[in-house]
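Numbering of the sequence shown is given in the numbering used here, commencing with residue 22 and proceeding in unit increments.
Beneath this line is the structure, given in C-alpha coordinates, with notes to follow.
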Amino acid sequence: MRNCVVSVFVLVCVCVCVNAQTDCGGSTNTLPIYKDTPTLLRSIKNAKLYSMDHGDGKTIRVLHLYGTPYEMGFAQARILSDEIPIMFKNFFKYIDDQIAPYISKLPKDIQKIIEEDGVPAALQFTYDLTKDYTPQRFFDEMQGLSDGLNNTIEYKTIVQVHMFPELIKASCSIIGAWGEAVANTSDVVNQLRALDWGIDNPLVNHPIVVVYHPNEGNGHPFASLTWTGFIGSVTSYSPHVGVSEKVWLSYNETASRAGIPFHFLIRDMAQFDVNIDAALNRIYNSKRTCSIHLGLGSISDKQARVVEYSHEEVFVYDDKNYPAYPPYHPLFDGLVFVNKHVQPSKHMCMGSLMSKYYGSINAENTIRQVLGYTQSGDVHAAFYEYGNNNMYVSVAGPTIDPNTLQPQKNTTSPAHARPWFKLDMDVQFAVKQDD
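So this is what it looks like as C-alpha coordinates:
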(Lines of atoms letter the chains of each structure in order from A and count residues from 1; the text may use other names and numbers.)
(Lines give C-alpha, C1' and ligand atoms only; values in the text may rest on other atoms or scores of the structure.)
Protein backbone atom coordinates (compact mmCIF):
# COMPACT_ATOMS: atom_id res chain seq x y z
CA MET A 1 0.00 0.00 0.00
CA ARG A 2 1.24 3.46 -0.84
CA ASN A 3 2.92 5.08 2.12
CA CYS A 4 0.93 8.21 2.86
CA VAL A 5 3.96 10.00 4.22
CA VAL A 6 4.90 12.36 1.43
CA SER A 7 6.81 15.60 1.45
CA VAL A 8 4.85 17.46 -1.20
CA PHE A 9 6.76 20.66 -0.83
CA VAL A 10 10.08 18.94 -0.32
CA LEU A 11 10.30 19.33 3.41
CA VAL A 12 13.90 18.28 3.62
CA CYS A 13 16.23 18.45 6.55
CA VAL A 14 19.67 18.14 7.95
CA CYS A 15 22.75 17.40 5.88
CA VAL A 16 25.93 17.85 7.85
CA CYS A 17 29.57 18.56 7.17
CA VAL A 18 32.67 18.84 9.30
CA ASN A 19 35.09 20.16 6.72
CA ALA A 20 35.46 20.73 3.01
CA GLN A 21 36.04 17.03 2.35
CA THR A 22 32.55 16.02 3.47
CA ASP A 23 29.47 16.07 1.27
CA CYS A 24 27.70 18.98 3.00
CA GLY A 25 28.29 22.70 2.66
CA GLY A 26 27.82 25.51 5.09
CA SER A 27 29.81 27.63 7.49
CA THR A 28 29.84 28.84 11.08
CA ASN A 29 26.93 31.06 12.06
CA THR A 30 28.52 34.12 13.69
CA LEU A 31 25.33 36.13 14.14
CA PRO A 32 24.13 37.05 17.63
CA ILE A 33 22.18 34.85 20.01
CA TYR A 34 19.98 37.45 21.70
CA LYS A 35 19.25 36.79 25.37
CA ASP A 36 17.25 39.77 26.60
CA THR A 37 13.79 39.63 28.16
CA PRO A 38 10.86 40.10 25.73
CA THR A 39 9.09 43.48 25.92
CA LEU A 40 5.32 43.74 26.22
CA LEU A 41 3.67 45.17 23.09
CA ARG A 42 0.01 44.95 24.03
CA SER A 43 -2.40 43.05 26.23
CA ILE A 44 -6.07 42.11 25.99
CA LYS A 45 -8.28 39.68 27.87
CA ASN A 46 -6.61 36.22 27.83
CA ALA A 47 -3.67 37.33 25.65
CA LYS A 48 -0.37 39.21 26.02
CA LEU A 49 1.93 39.87 23.07
CA TYR A 50 5.67 40.40 23.60
CA SER A 51 8.64 40.96 21.33
CA MET A 52 12.41 40.59 21.35
CA ASP A 53 13.16 43.36 18.89
CA HIS A 54 16.70 44.21 17.79
CA GLY A 55 15.79 46.15 14.67
CA ASP A 56 14.56 45.23 11.22
CA GLY A 57 14.83 41.52 10.58
CA LYS A 58 16.00 40.70 14.10
CA THR A 59 12.74 40.15 15.93
CA ILE A 60 10.77 37.28 17.42
CA ARG A 61 7.31 37.64 18.93
CA VAL A 62 6.06 35.71 21.96
CA LEU A 63 2.31 35.38 22.46
CA HIS A 64 0.87 34.26 25.80
CA LEU A 65 -2.64 32.78 25.80
CA TYR A 66 -4.83 31.95 28.80
CA GLY A 67 -8.09 30.20 29.58
CA THR A 68 -10.22 27.53 27.97
CA PRO A 69 -9.46 26.32 24.44
CA TYR A 70 -12.22 28.55 23.05
CA GLU A 71 -10.98 31.54 25.04
CA MET A 72 -7.41 31.05 23.83
CA GLY A 73 -8.53 30.81 20.20
CA PHE A 74 -10.73 33.89 20.55
CA ALA A 75 -7.96 35.87 22.25
CA GLN A 76 -5.37 34.97 19.60
CA ALA A 77 -7.75 36.09 16.87
CA ARG A 78 -8.40 39.41 18.59
CA ILE A 79 -4.81 40.32 19.40
CA LEU A 80 -3.60 39.30 15.90
CA SER A 81 -6.74 40.31 14.01
CA ASP A 82 -4.88 42.18 11.27
CA GLU A 83 -2.42 39.39 10.56
CA ILE A 84 -4.25 36.07 10.74
CA PRO A 85 -6.56 36.72 7.73
CA ILE A 86 -3.52 37.64 5.62
CA MET A 87 -1.71 34.46 6.60
CA PHE A 88 -4.69 32.23 5.79
CA LYS A 89 -5.34 33.93 2.46
CA ASN A 90 -1.72 33.78 1.32
CA PHE A 91 -1.24 30.22 2.53
CA PHE A 92 -4.23 28.88 0.63
CA LYS A 93 -3.00 30.65 -2.51
CA TYR A 94 0.44 29.14 -1.99
CA ILE A 95 -1.03 25.64 -1.76
CA ASP A 96 -2.98 26.09 -4.99
CA ASP A 97 0.01 27.54 -6.82
CA GLN A 98 2.57 24.97 -5.69
CA ILE A 99 0.83 21.62 -5.48
CA ALA A 100 0.54 20.74 -9.19
CA PRO A 101 4.06 19.23 -9.61
CA TYR A 102 3.57 17.03 -6.55
CA ILE A 103 0.09 15.61 -7.10
CA SER A 104 1.51 12.38 -8.49
CA LYS A 105 3.22 11.69 -5.14
CA LEU A 106 -0.03 11.78 -3.19
CA PRO A 107 -2.28 8.77 -2.53
CA LYS A 108 -4.59 7.98 -5.44
CA ASP A 109 -7.77 9.01 -3.62
CA ILE A 110 -6.29 12.39 -2.74
CA GLN A 111 -5.00 12.87 -6.29
CA LYS A 112 -8.46 12.29 -7.65
CA ILE A 113 -10.09 14.71 -5.22
CA ILE A 114 -7.58 17.46 -6.00
CA GLU A 115 -7.86 16.97 -9.75
CA GLU A 116 -11.65 16.99 -9.69
CA ASP A 117 -12.50 19.38 -6.85
CA GLY A 118 -9.31 21.19 -5.77
CA VAL A 119 -7.11 21.35 -2.70
CA PRO A 120 -9.82 22.54 -0.27
CA ALA A 121 -11.80 19.38 -1.03
CA ALA A 122 -8.76 17.22 -0.22
CA LEU A 123 -8.30 19.05 3.06
CA GLN A 124 -11.98 18.62 3.85
CA PHE A 125 -11.66 14.90 3.07
CA THR A 126 -8.76 14.70 5.54
CA TYR A 127 -10.87 16.47 8.16
CA ASP A 128 -13.74 14.02 7.62
CA LEU A 129 -11.34 11.11 8.27
CA THR A 130 -9.73 12.62 11.38
CA LYS A 131 -12.55 14.45 13.16
CA ASP A 132 -13.82 11.46 15.16
CA TYR A 133 -10.34 10.93 16.63
CA THR A 134 -9.56 14.57 17.39
CA PRO A 135 -10.34 15.90 20.89
CA GLN A 136 -13.13 18.48 20.95
CA ARG A 137 -10.84 21.09 22.53
CA PHE A 138 -9.06 21.60 19.19
CA PHE A 139 -12.35 22.33 17.42
CA ASP A 140 -13.34 24.66 20.26
CA GLU A 141 -10.10 26.60 19.85
CA MET A 142 -10.58 26.84 16.08
CA GLN A 143 -14.16 28.03 16.64
CA GLY A 144 -12.73 30.68 18.95
CA LEU A 145 -10.39 31.80 16.17
CA SER A 146 -13.28 32.17 13.75
CA ASP A 147 -15.51 33.98 16.23
CA GLY A 148 -12.67 36.25 17.31
CA LEU A 149 -12.22 37.27 13.68
CA ASN A 150 -15.96 38.01 13.46
CA ASN A 151 -16.21 35.13 10.98
CA THR A 152 -14.18 37.02 8.38
CA ILE A 153 -12.53 33.61 7.99
CA GLU A 154 -15.05 30.80 8.04
CA TYR A 155 -14.63 28.08 10.64
CA LYS A 156 -14.54 25.54 7.79
CA THR A 157 -11.55 27.31 6.23
CA ILE A 158 -9.68 27.39 9.53
CA VAL A 159 -10.24 23.66 9.99
CA GLN A 160 -9.05 22.91 6.46
CA VAL A 161 -5.81 24.83 6.93
CA HIS A 162 -5.18 22.75 10.04
CA MET A 163 -5.44 19.56 7.99
CA PHE A 164 -2.56 20.55 5.72
CA PRO A 165 0.30 19.10 7.83
CA GLU A 166 -1.61 15.81 8.12
CA LEU A 167 -2.05 15.64 4.35
CA ILE A 168 1.61 16.12 3.49
CA LYS A 169 3.67 15.58 6.69
CA ALA A 170 6.61 17.65 7.87
CA SER A 171 10.26 16.63 7.90
CA CYS A 172 13.29 17.28 10.03
CA SER A 173 16.34 15.94 11.76
CA ILE A 174 16.29 14.88 15.39
CA ILE A 175 19.05 15.07 17.98
CA GLY A 176 18.74 14.13 21.64
CA ALA A 177 21.88 14.35 23.82
CA TRP A 178 22.46 13.56 27.49
CA GLY A 179 25.02 11.97 29.81
CA GLU A 180 28.33 11.38 28.06
CA ALA A 181 27.20 13.36 25.02
CA VAL A 182 27.06 16.54 27.13
CA ALA A 183 29.67 15.55 29.74
CA ASN A 184 31.94 18.54 29.02
CA THR A 185 29.07 20.99 29.57
CA SER A 186 26.84 21.91 32.50
CA ASP A 187 23.80 20.64 30.62
CA VAL A 188 21.53 17.71 31.53
CA VAL A 189 19.69 16.82 28.32
CA ASN A 190 19.51 18.77 25.05
CA GLN A 191 17.34 18.40 21.96
CA LEU A 192 17.42 19.85 18.45
CA ARG A 193 14.60 20.42 16.01
CA ALA A 194 15.07 22.10 12.61
CA LEU A 195 12.26 22.45 10.08
CA ASP A 196 12.97 22.81 6.36
CA TRP A 197 10.08 23.67 4.09
CA GLY A 198 11.58 26.16 1.64
CA ILE A 199 11.63 29.88 2.28
CA ASP A 200 9.34 30.77 -0.61
CA ASN A 201 6.20 29.92 1.38
CA PRO A 202 4.14 32.55 3.24
CA LEU A 203 4.63 30.95 6.65
CA VAL A 204 8.04 32.62 6.87
CA ASN A 205 6.24 35.96 7.19
CA HIS A 206 4.23 34.93 10.24
CA PRO A 207 6.43 33.13 12.81
CA ILE A 208 5.57 33.32 16.48
CA VAL A 209 6.26 31.52 19.75
CA VAL A 210 2.96 30.81 21.48
CA VAL A 211 3.09 30.08 25.21
CA TYR A 212 -0.13 28.42 26.31
CA HIS A 213 -1.39 28.73 29.89
CA PRO A 214 -4.39 26.34 29.93
CA ASN A 215 -7.16 26.68 32.47
CA GLU A 216 -6.93 24.52 35.58
CA GLY A 217 -7.41 20.83 34.89
CA ASN A 218 -6.47 21.13 31.23
CA GLY A 219 -2.76 20.38 31.37
CA HIS A 220 0.27 22.54 32.11
CA PRO A 221 1.89 25.50 30.33
CA PHE A 222 3.85 24.74 27.17
CA ALA A 223 5.36 26.57 24.22
CA SER A 224 5.02 26.04 20.49
CA LEU A 225 7.20 27.58 17.78
CA THR A 226 4.55 28.04 15.14
CA TRP A 227 2.73 30.56 12.91
CA THR A 228 -0.06 33.02 13.60
CA GLY A 229 -3.45 31.37 13.65
CA PHE A 230 -2.12 27.79 13.60
CA ILE A 231 -3.02 25.87 16.77
CA GLY A 232 -1.37 22.54 16.00
CA SER A 233 2.27 22.08 16.89
CA VAL A 234 5.26 20.62 15.10
CA THR A 235 7.83 22.10 17.52
CA SER A 236 6.83 21.91 21.20
CA TYR A 237 8.48 22.36 24.59
CA SER A 238 7.10 22.21 28.13
CA PRO A 239 8.63 22.18 31.63
CA HIS A 240 8.46 18.39 31.34
CA VAL A 241 8.92 17.17 27.76
CA GLY A 242 9.92 18.41 24.33
CA VAL A 243 8.87 16.99 20.97
CA SER A 244 10.47 17.11 17.52
CA GLU A 245 9.39 15.37 14.32
CA LYS A 246 10.61 14.00 10.99
CA VAL A 247 9.06 12.13 8.09
CA TRP A 248 9.55 8.32 8.05
CA LEU A 249 10.01 7.76 4.34
CA SER A 250 11.18 4.15 4.44
CA TYR A 251 7.97 2.87 6.01
CA ASN A 252 6.14 0.79 3.41
CA GLU A 253 3.41 -1.00 5.33
CA THR A 254 -0.24 -0.01 5.64
CA ALA A 255 -1.24 3.55 6.40
CA SER A 256 -4.40 5.40 7.25
CA ARG A 257 -5.51 8.99 7.48
CA ALA A 258 -8.34 8.01 9.87
CA GLY A 259 -6.91 9.02 13.24
CA ILE A 260 -5.69 12.00 15.22
CA PRO A 261 -3.56 14.43 13.18
CA PHE A 262 0.04 14.13 14.28
CA HIS A 263 0.44 17.85 14.99
CA PHE A 264 -2.45 17.69 17.45
CA LEU A 265 -0.94 14.62 19.11
CA ILE A 266 2.40 16.43 19.46
CA ARG A 267 0.65 19.34 21.11
CA ASP A 268 -1.14 17.02 23.52
CA MET A 269 2.17 15.46 24.56
CA ALA A 270 3.57 18.90 25.37
CA GLN A 271 0.40 20.00 27.16
CA PHE A 272 -0.36 16.93 29.24
CA ASP A 273 2.58 14.53 29.54
CA VAL A 274 5.24 14.76 32.25
CA ASN A 275 7.82 12.21 31.11
CA ILE A 276 8.79 9.94 28.24
CA ASP A 277 6.65 7.02 29.41
CA ALA A 278 3.55 9.22 29.53
CA ALA A 279 4.22 10.48 26.01
CA LEU A 280 4.82 6.94 24.77
CA ASN A 281 1.58 5.75 26.36
CA ARG A 282 -0.25 8.51 24.52
CA ILE A 283 1.32 7.37 21.25
CA TYR A 284 0.54 3.70 21.87
CA ASN A 285 -3.08 4.39 22.79
CA SER A 286 -3.87 6.89 20.03
CA LYS A 287 -5.38 6.09 16.67
CA ARG A 288 -2.31 6.95 14.61
CA THR A 289 -2.34 7.95 10.96
CA CYS A 290 0.77 8.09 8.78
CA SER A 291 4.39 7.36 9.49
CA ILE A 292 6.78 9.81 11.14
CA HIS A 293 9.77 9.84 13.45
CA LEU A 294 9.39 11.65 16.75
CA GLY A 295 12.07 12.90 19.10
CA LEU A 296 11.08 12.91 22.79
CA GLY A 297 13.15 14.52 25.54
CA SER A 298 12.38 14.76 29.25
CA ILE A 299 13.95 16.62 32.15
CA SER A 300 12.68 14.12 34.73
CA ASP A 301 14.08 11.18 32.75
CA LYS A 302 17.23 13.13 31.82
CA GLN A 303 17.20 11.28 28.51
CA ALA A 304 15.74 11.33 25.01
CA ARG A 305 14.22 8.80 22.64
CA VAL A 306 13.57 8.44 18.92
CA VAL A 307 10.22 6.92 18.03
CA GLU A 308 9.17 5.41 14.71
CA TYR A 309 5.43 5.97 14.71
CA SER A 310 2.98 4.66 12.12
CA HIS A 311 -0.59 3.54 11.68
CA GLU A 312 0.31 -0.04 12.64
CA GLU A 313 3.57 0.07 14.60
CA VAL A 314 5.56 1.96 17.20
CA PHE A 315 9.30 1.39 17.65
CA VAL A 316 11.17 3.15 20.46
CA TYR A 317 14.94 3.67 20.28
CA ASP A 318 17.44 4.83 22.85
CA ASP A 319 21.22 5.11 22.81
CA LYS A 320 21.60 1.33 23.16
CA ASN A 321 19.17 -0.18 20.66
CA TYR A 322 19.14 2.34 17.79
CA PRO A 323 20.02 0.40 14.61
CA ALA A 324 23.45 1.95 14.09
CA TYR A 325 25.50 1.29 10.96
CA PRO A 326 29.00 2.77 11.29
CA PRO A 327 30.61 4.76 9.84
CA TYR A 328 27.45 6.42 8.53
CA HIS A 329 25.52 6.32 11.79
CA PRO A 330 27.71 5.51 14.80
CA LEU A 331 26.19 4.52 18.14
CA PHE A 332 27.09 6.73 21.13
CA ASP A 333 26.22 6.57 24.81
CA GLY A 334 23.72 9.30 25.63
CA LEU A 335 22.92 10.24 22.04
CA VAL A 336 20.17 9.56 19.52
CA PHE A 337 19.88 11.25 16.16
CA VAL A 338 18.26 10.84 12.76
CA ASN A 339 19.42 12.67 9.64
CA LYS A 340 17.17 13.90 6.84
CA HIS A 341 17.64 10.91 4.56
CA VAL A 342 15.71 7.71 4.18
CA GLN A 343 16.88 5.36 6.92
CA PRO A 344 19.26 3.61 6.96
CA SER A 345 21.26 6.44 5.43
CA LYS A 346 24.71 6.26 3.91
CA HIS A 347 25.32 9.98 4.25
CA MET A 348 28.31 10.69 6.47
CA CYS A 349 27.57 14.26 7.42
CA MET A 350 25.41 13.99 10.55
CA GLY A 351 27.43 11.15 12.04
CA SER A 352 30.65 13.06 11.41
CA LEU A 353 29.45 16.12 13.28
CA MET A 354 28.12 14.05 16.16
CA SER A 355 31.54 12.42 16.43
CA LYS A 356 33.29 15.78 16.37
CA TYR A 357 31.15 17.41 19.06
CA TYR A 358 30.41 14.36 21.18
CA GLY A 359 30.77 15.31 24.82
CA SER A 360 30.02 18.97 24.10
CA ILE A 361 26.70 18.96 22.28
CA ASN A 362 25.29 22.20 23.63
CA ALA A 363 23.30 25.16 22.31
CA GLU A 364 26.32 27.21 21.24
CA ASN A 365 28.05 24.65 19.03
CA THR A 366 24.79 23.20 17.72
CA ILE A 367 23.57 26.61 16.60
CA ARG A 368 26.89 27.90 15.29
CA GLN A 369 28.54 24.74 13.98
CA VAL A 370 26.10 21.86 13.53
CA LEU A 371 23.30 23.89 11.97
CA GLY A 372 25.75 26.33 10.41
CA TYR A 373 27.37 23.53 8.43
CA THR A 374 24.26 21.45 7.88
CA GLN A 375 22.33 24.42 6.50
CA SER A 376 19.26 22.88 8.08
CA GLY A 377 16.26 24.62 9.51
CA ASP A 378 15.21 26.98 6.75
CA VAL A 379 11.71 27.82 8.05
CA HIS A 380 12.55 27.55 11.73
CA ALA A 381 14.76 25.77 14.23
CA ALA A 382 14.66 25.23 17.98
CA PHE A 383 17.04 23.92 20.62
CA TYR A 384 15.70 22.73 23.97
CA GLU A 385 18.09 23.07 26.92
CA TYR A 386 16.23 21.16 29.61
CA GLY A 387 18.65 21.55 32.52
CA ASN A 388 18.41 25.35 32.47
CA ASN A 389 14.87 25.39 31.05
CA ASN A 390 15.85 27.45 28.01
CA MET A 391 14.38 27.36 24.52
CA TYR A 392 16.45 28.80 21.67
CA VAL A 393 14.63 29.67 18.44
CA SER A 394 15.42 31.05 15.01
CA VAL A 395 13.11 31.85 12.11
CA ALA A 396 13.53 32.69 8.44
CA GLY A 397 13.69 36.37 7.54
CA PRO A 398 15.82 39.07 5.91
CA THR A 399 19.49 38.32 5.33
CA ILE A 400 21.56 39.93 8.11
CA ASP A 401 24.99 41.29 7.23
CA PRO A 402 27.40 39.66 9.73
CA ASN A 403 29.57 42.77 9.88
CA THR A 404 26.99 45.53 10.25
CA LEU A 405 24.13 43.37 11.58
CA GLN A 406 21.84 45.28 9.22
CA PRO A 407 19.21 43.58 7.03
CA GLN A 408 19.75 43.43 3.29
CA LYS A 409 16.79 44.69 1.28
CA ASN A 410 14.57 42.28 -0.63
CA THR A 411 16.27 39.16 0.73
CA THR A 412 15.16 36.11 2.69
CA SER A 413 17.58 33.86 4.53
CA PRO A 414 16.88 30.54 6.21
CA ALA A 415 16.56 30.37 9.98
CA HIS A 416 19.86 28.51 10.40
CA ALA A 417 21.75 31.45 8.87
CA ARG A 418 20.08 34.14 10.97
CA PRO A 419 20.21 35.42 14.54
CA TRP A 420 18.84 33.26 17.34
CA PHE A 421 16.80 34.14 20.42
CA LYS A 422 17.16 32.56 23.84
CA LEU A 423 13.99 32.35 25.92
CA ASP A 424 14.21 31.73 29.66
CA MET A 425 11.23 29.40 30.00
CA ASP A 426 11.14 29.70 33.79
CA VAL A 427 10.21 33.32 33.14
CA GLN A 428 7.90 32.61 30.20
CA PHE A 429 5.87 29.89 31.91
CA ALA A 430 5.42 32.18 34.92
CA VAL A 431 3.98 35.17 32.99
CA LYS A 432 0.66 35.97 34.67
CA GLN A 433 -2.60 36.91 33.06
CA ASP A 434 -3.73 40.50 33.63
CA ASP A 435 -6.53 40.92 36.18
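Positions of the beta carbon are idealized from the N, C-alpha and C atoms, including for glycine.
Values in this document were obtained by computation on a predicted structure and should not be read as measured data.
- When the five nearest sequence neighbours on each side are left out, the beta carbons in the same chain lying within less than 6 angstroms of the beta carbon of R82 are those of S72, I229, in order along the chain.
- Burial is judged here by how many other beta carbons sit within 10 angstroms of a residue's own beta carbon; N431 has fewer than 16 and is exposed.
- Residue range 193-199 is occupied by the beta strand (DSSP E) that includes A198.
- When the beta-carbon positions are compared, A96 and I105 stay at least 8 angstroms from each other.
- The beta-carbon distance between Y330 and I297, rounded to whole angstroms, is 14 angstroms. This is too long to meet the 8 angstroms contact definition.
- In the three-state reduction of the DSSP assignment, Q427 falls in the coil class.
- Secondary structure at L392: helix, using DSSP grouped into helix, strand and coil.
- Within the DSSP secondary-structure output, V335 pairs in a beta bridge with Y330.
- Nearest to F251 by C-alpha distance, out of L224, L374, N236, is L224.
- Sequence-distant partners of Q164 (beyond 5 residues in either direction) whose C-beta falls short of 8 angstroms from its own C-beta, in its chain, are Y91, G94, Y176.
- By the 16-neighbour rule on beta-carbons within 10 angstroms, E162 is buried.
- Counting along the chain, the unbroken alpha helix (DSSP H) around P106 starts and ends at 105-119.
- L150 is a Cβ neighbour of A279, given a cutoff of 8 angstroms.
- For T147, the enclosing alpha helix (DSSP H) begins and ends at 140-151.
- For R439, no beta strand (DSSP E) segment is defined, and its DSSP state is neither H nor E.
- For R214, the three-state secondary structure derived from DSSP is strand.
- Relative to the Cα of Q157, the nearest Cα in the group N50, M446, L286 belongs to L286.
- Counting only residues of its own chain and dropping the five nearest sequence neighbours on each side, A436 has a CB closer than 7 angstroms to the CB of G398, D399, V400, H401, A402, S415, V416, A417.
- Beta-carbon to beta-carbon, E266 and H314 are separated by about 7 angstroms, close enough to satisfy the 8 angstroms threshold.
- By the Cβ rule, the region 204-220 counts as touching the region 403-410, because three or more pairs are nearer than 8 angstroms.
- Note that the region 192-204 touches the region 314-326; at least 3 beta-carbon pairs, one per stretch, sit closer than 8 angstroms.
- Ranked by how close their Cα comes to the Cα of I54, the residues A204, A384, P242, N360 have A384 in first place.
- Within the region 342-373, the complete beta strand (DSSP E) segments of 3 residues or longer fall at 356-359, listed in chain order.
- The C-alpha of T147 lies about 37 angstroms from the C-alpha of Y346.
- 8 angstroms or more divides the Cβ of V328 from the Cβ of Y343.
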